[in-house]
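Residue numbers (our numbering): 35 to 386.
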């Protein structure tokens, strides 16, 4: 039988995720298979893989800490075990994952991580409860951990200019870094300009193919979280940076299977998320030492600038690919409050 292999980034990522999901499934109780089949239609492979890891962690906790569950292997757990687990067991699980050891490493979870893992467990329980395979929906009884929203870190306009100047000049790089900089400068300027000028996610950026860029209409076709496609438009500065890079890109010889990738690594393979995170960290650390700048912070920077210029929170939500505008409002609440304060003096009751 022939092995089908696609050089499409998103198809390959999904293929790898499916392989990982199947590997995790082999370590879970057999009844879990129906859950993953049941949610397949409306979830991405990335989401299902995250659920698989979180559910496995829950069963590992039960196997280690619960006297009844420790008597059998995880793969022997019957579905009835879900009805035997009480609310207190799940609360103890959440306390456990605050700090635990796995494979010789110490792993910590704050409110966000614990909330995500409980959400996965709620979805898991709810599936079997709705299908009348268990009597109790115990996970639904446990409230989500209260999350303390952190202040959004973003670059100020002058910091954006300094960052791009640094990417071009490389004046603060070490001697070794400068050696690589000569080879990657044009690519890095294009990549950083694209992130700062469109607000796309780093995963969306590394997944871009050459033919996803449409200079006639000034847009790029990206694959959003959830798998749907969208077009995001870019301005003149981004266009110039991309054209400069593509001129260099034409002289590069990609490794087989990476011919369509827009951004290539020094190994002439599609650049990956980790590499983009590292190059952002490298340049940003020369611009500001007070802010921890990541690709996601560049996305926040774009969202802030777009909202300040447009005042349209729905436009910001649409461009950033937020399914719920309330997510956007939550992130930019401080800016909305600032606009409301300014509005207080816009309407005049009497002419001066």
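Heads up, the beta-carbon is just placed ideally off N, CA and C, and yes, glycines get one too.
Mind reading off the beta-carbon distance from residue 282 to residue 220? Whole number of angstroms is fine, and I expect it under 8 Å. Sure, about 5 Å apart at Cβ, within 8 Å.
So within the region 221–302, which uninterrupted beta strand (DSSP E) runs reach at least 3 residues, ignoring any that extend past its ends? List check, beta strand (DSSP E) in window: 253–257, 263–267.
Among residues of its own chain, excluding the 5 on either side of residue 337, which ones have a beta-carbon nearer than 6 Å to its beta-carbon? Counting only Cβ-Cβ distances below 6 Å, and skipping sequence neighbours, we find 233, 350, 354.
Give me the DSSP bridge partner(s) of residue 146. Beta-bridge analysis with DSSP links residue 146 to no other residue.
By how many angstroms is the C-alpha of residue 137 removed from the C-alpha of residue 99? The straight-line gap from Cα to Cα measures roughly 17 Å.
What is the residue span of the alpha helix (DSSP H) that residue 136 lies within? Not the alpha helix (DSSP H): residue 136 falls in the beta strand (DSSP E), residues 133–136.
Can you round the beta-carbon distance between residue 272 and residue 241 to whole angstroms, since I take them to be within the 8 Å contact cut? So it is not a contact: roughly 17 Å between Cβ atoms.
Report buried or exposed for residue 121, applying the criterion of at least 16 other Cβ atoms within 10 angstroms of its Cβ. Burial call: exposed.
Evaluate contact between the region 152–171 and the region 196–214, counting only Cβ atoms and requiring at least three cross-stretch pairs below 8 Å. Remark: fewer than three beta-carbon pairs, one from each stretch, lie closer than 8 Å, so the region 152–171 and the region 196–214 are not flagged as touching.
Output yes or no for whether 9 Å exceeds the beta carbon distance between residue 296 and residue 244. In this structure, the beta-carbon distance from residue 296 to residue 244 falls below 9 Å.
Report the residue from 250, 57, 90, 236 whose alpha carbon sits nearest the alpha carbon of residue 313. Nearest of 250, 57, 90, 236 to residue 313, Cα basis: 236.
Using a threshold of 9 Å, state whether the C-beta atoms of residue 102 and residue 62 are closer than that. No, they are not a contact pair.
Please name the residue or residues paired with residue 140 in a DSSP beta bridge. Residue 140 pairs with 135.
Span of the alpha helix (DSSP H), counted from its first residue to its last, around residue 196: Element bounds for residue 196: 191–203.
Indicate the three-state DSSP secondary structure (helix, strand or coil) for residue 71 in the structure shown. Residue 71 falls in the helix class under three-state DSSP.
Please look up how many angstroms separate the CB atoms of residue 55 and residue 65, rounded, as I've assumed it's under 8 Å. Not a contact, Cβ separation roughly 16 Å.
Could you tell me which of 366, 47, 177 sits nearest to residue 155, measuring between CA atoms? Out of 366, 47, 177, 177 has the C-alpha closest to the C-alpha of residue 155.
Can you tell me whether residue 308 is buried or exposed, with buried defined as 16 or more other CB within 10 angstroms of its CB? Around the beta carbon of residue 308, fewer than 16 other beta carbons lie within 10 angstroms, which makes this residue exposed.
For residue 333, which three-state DSSP category applies? Secondary structure of residue 333 (DSSP, three-state): helix.
Are there 16 or more other CB atoms within 10 angstroms of the CB of residue 265, so buried, or fewer, so exposed? Exposed, by the Cβ-count rule.
Under 9 Å between the Cβ atoms of residue 112 and residue 239? Using a Cβ distance threshold of 9 Å, residue 112 and residue 239 do not count as a contacting pair.
Within the same chain, show all residues whose beta-carbon is closer than 7 Å to that of residue 217, passing over the 5 residues directly before and after it, in chain order. Sequence-distant partners of residue 217 (beyond 5 residues in either direction) whose C-beta falls short of 7 Å from its own C-beta, in its chain, are 300.
To which residues of the same chain is residue 162 closer than 6 Å at the C-beta, ignoring the five residues directly before and after it? Excluding residues within five positions, the ones whose Cβ falls inside 6 Å are 168.
Anticipated Cβ contact below 8 Å, residue 132 with residue 143, distance rounded: Taking a contact as a CB-CB distance under 8 Å, the pair residue 132 and residue 143 counts as one, their CB atoms being some 6 Å apart.
Going by CA-CA distance only, name the one from 291, 260, 304, 344 that's closest to residue 77. Scanning 291, 260, 304, 344 for the CA closest to the CA of residue 77 turns up 260.
Decide if residue 208 is buried, meaning its Cβ has at least 16 other Cβ atoms within 10 Å, or exposed. Only exposed fits residue 208, as fewer than 16 other CB atoms lie within 10 angstroms of its CB.
Where residue 339 falls, given that 16 or more other Cβ within 10 Å makes a residue buried: So residue 339 ends up on the buried side.
Please state whether the Cβ-Cβ distance between residue 254 and residue 228 is less than 9 Å. In contact: residue 254 and residue 228 (Cβ atoms closer than 9 Å).
With distances taken Cα to Cα, identify the nearest neighbour of residue 192 among 363, 321, 89. Minimum Cα-Cα distance from residue 192 among the listed residues 363, 321, 89 corresponds to 321.
Taking all protein chains shown into account, do 16 or more other C-beta atoms lie within 10 angstroms of the C-beta of residue 91, making it buried, or fewer, making it exposed? If you draw a 10 Å sphere on the C-beta of residue 91, you find 16 or more other C-beta atoms in it, and that means buried.
Cβ shell of residue 290 (< 7 Å), same chain only, five flanking positions each side left out: Around residue 290: no qualifying Cβ.
Buried or exposed (CB count within 10 angstroms, at least 16 for buried), residue 249: With fewer than 16 Cβ atoms within 10 Å of its Cβ, residue 249 is classed as exposed.
Local Cβ density within 10 Å of residue 212, reported as buried at 16 or more and exposed below that: Looking at its Cβ environment, which holds fewer than 16 other Cβ atoms inside 10 Å, residue 212 is exposed.
Backbone secondary structure at residue 308 - three-state DSSP: Collapsing the DSSP output to three states places residue 308 in a helix.
Use the C-beta contact count for residue 279: other C-beta atoms within 10 angstroms, 16 or more gives buried, fewer gives exposed. Of the other Cβ atoms in all chains shown, 16 or more fall within 10 Å of the Cβ of residue 279; this residue is therefore buried.
For residue 175, does the count of other Cβ atoms within 10 angstroms reach 16, so buried, or fall short, so exposed? Exposed, by the Cβ-count rule.
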